[in-house]
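To keep things clear, I will list the structure first and then write my remarks on it.
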Amino acid sequence: MFEEKHRIESVQRAFKAQMCLAGHEMEGLAPSQIAKATHMSATQTTRTMANLEIAGIAEKITSNDRWRLAPRIVQIAIAHTNAMDKADKKLSETKNRYSREV
C-alpha cells in the first residue's frame with residue numbers, strides 16, 4: 150500500500166465523482182448532487198467534472214445539464230472482461246492438456 154504522502158486530493162475527488170456517477174447513465178446527476186455525494190464544493194465539482202470530461206470519463210447531458218459516465222469507461226470495463234475471458238480460456242486449455250490420461 151502506498152503511503153499517505155502520495156495522496157493527491159484532486160485525483161481522489163475525480164475518482165469519487167466517477168464512482169458516484171455509476172448507475173445514473175440515463176438521467177445523470179446534477180452538479181449539486183455530485184457535490185453532495187462527494188463532499189466537494191461547487192467549484193471543485195465544476196473543475197473535477199471538466200477534467201473527467203477532458204479525459205473521456207464523464208459527459209454532460211446537454212438536454213438537462215446533468216453528468217453521466219461516458220462510453221469510454223464502459224469500453225475499458227469490456228476490454229478488461231474480454232482480456233480476463235481470454236486468459237481464463239488459455240488457462241482452461243492448458244489445464245485440460247495436463248489432465249488428459251495417457
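Position in the sequence shown (from 1) plus 149 gives the number in this note's numbering. Even glycine gets a Cβ: it sits at the ideal position worked out from N, Cα and C.
What does a CB cutoff of less than 8 Å around residue i pick up in its chain, not counting 5 residues either side in sequence?
{"i": "residue 178", "result": "169, 170, 186, 215, 216, 217"}
Can you tell me the Cα-Cα spacing of residue i and residue j, whole angstroms?
{"i": "residue 220", "j": "residue 206", "result": "8 Å"}
{"i": "residue 174", "j": "residue 200", "result": "18 Å"}
{"i": "residue 196", "j": "residue 172", "result": "22 Å"}
{"i": "residue 158", "j": "residue 211", "result": "28 Å"}
{"i": "residue 164", "j": "residue 236", "result": "28 Å"}
Could you spell out the range, first to last residue, of the beta strand (DSSP E) harbouring residue i?
{"i": "residue 209", "result": "207-210"}
So if DSSP puts residue i in a beta bridge, which residue, or which two residues, is it bridged to?
{"i": "residue 217", "result": "208"}
{"i": "residue 178", "result": "216"}
Are the CB atoms of residue i and residue j nearer to each other than 8 Å?
{"i": "residue 183", "j": "residue 194", "result": "yes"}
{"i": "residue 189", "j": "residue 162", "result": "yes"}
{"i": "residue 198", "j": "residue 228", "result": "no"}
Let's see if you can read the secondary structure: which residues bound the alpha helix (DSSP H) around residue i?
{"i": "residue 164", "result": "158-170"}
{"i": "residue 249", "result": "Note, residue 249: premise wrong, no alpha helix (DSSP H); not H, not E."}
{"i": "residue 198", "result": "191-203"}
Within the same chain, show all residues whose beta-carbon is closer than 7 Å to that of residue i, passing over the 5 residues directly before and after it, in chain order.
{"i": "residue 209", "result": "202, 216"}
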